[in-house]
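Structure first, commentary second.
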Ligand code: PLP
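In full-length UniProt numbering, the protein residues as written are 1 to 384.
The structure is reproduced here in C-alpha cells:
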C-alpha cells in the first residue's frame, strides 16, 4: 500500500507513541491538582508547551492547547468577533477556499447576522490581494486566511494580508494546519495575530492542536474553566500534548531535508504524470505550493471512480470534493478557482509525507497508469 494522503492525516511517529504511553503511565494525574502526581503532570505540560512553542516560534504564554485546528479556528474567529464588537468591528473577512469547518462556521455566523465577506482566489487558487484590499474597512474585526490550502497546497500571502488587515486595524487569523511539517513556520515574524495548528498533520496524535495568540491580544475564552490561563477550560489532554511535543521535536530535526526531498519527489510525480498520460491538469502549479502536494484532474474523469480504481491499484489518495448524503459535492476550492461544477468533482490530491520514497513514487505512477489509463482511453483519449 502506498499512502499519499498526508494532508488528511499522518501516521503517528514512534517517538510520539512512546511519549504518549509514558504520559498515560506516569503523568496521568490532573495537572491542576496540588499533590505530587498533579505536579508531575503539570511539569510534563510545561515541558511540552516549551517544545511546541520552540517549534512554532512563539512564546509559551502565547500558546493555548486545544482539541485541534477546528476548535482553534472557532476560538479565534468567535473570540475576535466578541472581543471587538464594542469597537464597532463586527465583520468577518475570510478567503473563499478555507477548510470546510471554517466555511461552515462563517455560514452559521452569517445566518446569525454577522456580516461576512469572502475574498476570491485567482485561477491558481491564491487569494486576490486587490480584492482583499477592497474588502478591508474599519468595521472588520478579523481577517481569516489559511496558510496553505489543504486541497491544492497553494500557499497564501500571509505577510501581505497582515499588512492589509493591520492597515485597517483588523486582526489576522491564519489556519496554518497544513503548514506544520511542510514549511518553515515562525509565529513571531509572521505578522499573524492568531494561528491554528493541529498535531495529527505532523505525525502527532489526533484530537490535539493549538491556537497561538499574539501577546497582548485579549481573546475571550469559549470554554469556561481555569486551565490554559483561563483561555480554554477543560482538563488538559496531557498524553495528546506530550505526543504533540514529541512530533514537533522530531519534525524540527529533519525539516529542511524533508522539505527538499518531498519537493523533488512531488515534482517527479507531477512530471511523470504529465509526460505519460493525456489530459492531466495540475492545479496551482504556477504559484508557490506546499512541497508535498499535487492536485490534478484526469481529463473529465469524476473523482469517485478514480479514487476507487487507485485504491485497488494500491494507491491511497483523496479528492477535495466533500462526500455528502446526496453524493459527492463539487470542491468549493476548485469552484472558487473558476472550474465548472463537473471539473470541480474531478480533483485528485496526492499528498506525500516525509517517509515517502522514490520507489513509492515509481509505484504510484505505475498504479495511476493501471487505474486511470483505461478510463481515459474509454473517455476517448489516446493513452500511450
Ligand atoms: N484546517 C485545515 C486547513 C485542515 O486541513 C484541517 C484538517 O483536515 C483542519 C483545519 C481540521 O483540523 P483538526 O482535524 O485538527 O480539527
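Even glycine gets a Cβ: it sits at the ideal position worked out from N, Cα and C.
None of the values given here were measured: they were computed from a predicted structure.
Selection 3, 11, 257, 1 evaluated against residue 201 yields 11 as nearest (Cα-Cα).
Leaving aside the five residues that flank residue 152 on each side, the residues in its chain whose CB is nearer than 6 angstroms to its CB run, in chain order, 125, 283, 284, 295. Taken through DSSP and simplified to helix, strand or coil, residue 66 comes out as strand.
For residue 361, the CB contacts under 7 angstroms within the same chain, skipping 5 residues up- and downstream, are 265, 268, 269 in chain order. Nearest Cα to residue 174 within the set 280, 117, 77: 77.
Residue pairing of residue 171 in beta bridges, as defined by DSSP: 142.
Of all alpha-carbon atoms in 238, 85, 75, 60, the one lying nearest the alpha-carbon of residue 38 is that of 238.
When the alpha-carbon of residue 306 is set against those of 364, 255, 346, the nearest one is in 346.
Using a Cβ distance threshold of 8 angstroms, residue 308 and residue 376 do not count as a contacting pair. Annotation: the continuous alpha helix (DSSP H) that includes residue 55 extends over 36-56. Taking 7 angstroms as the cut-off, the C-beta of residue 146 counts as close to a heavy atom of ligand 1. Note that the C-beta distance between residue 297 and residue 286 is not below 8 angstroms. Distance from the C-beta of residue 204 to the nearest heavy atom of ligand 1 is not below 7 angstroms. Here the alpha carbons of residue 367 and residue 75 stand approximately 42 angstroms from one another. Check the Cα spacing between residue 233 and each of 223, 106, 71: the tightest is with 223. For residue 127 and residue 156, the gap between their C-alpha atoms comes out near 7 angstroms. Beta-bridge partners assigned by DSSP to residue 315: 2. The Cβ-Cβ distance between residue 207 and residue 68 falls below 8 angstroms. Rounded to the nearest angstrom, the gap between the Cα atoms of residue 129 and residue 189 is 20 angstroms. For residue 372, the uninterrupted alpha helix (DSSP H) segment begins and ends at 358-378. Remark: C-beta atoms of residue 83 and residue 220 approach each other more closely than 8 angstroms.
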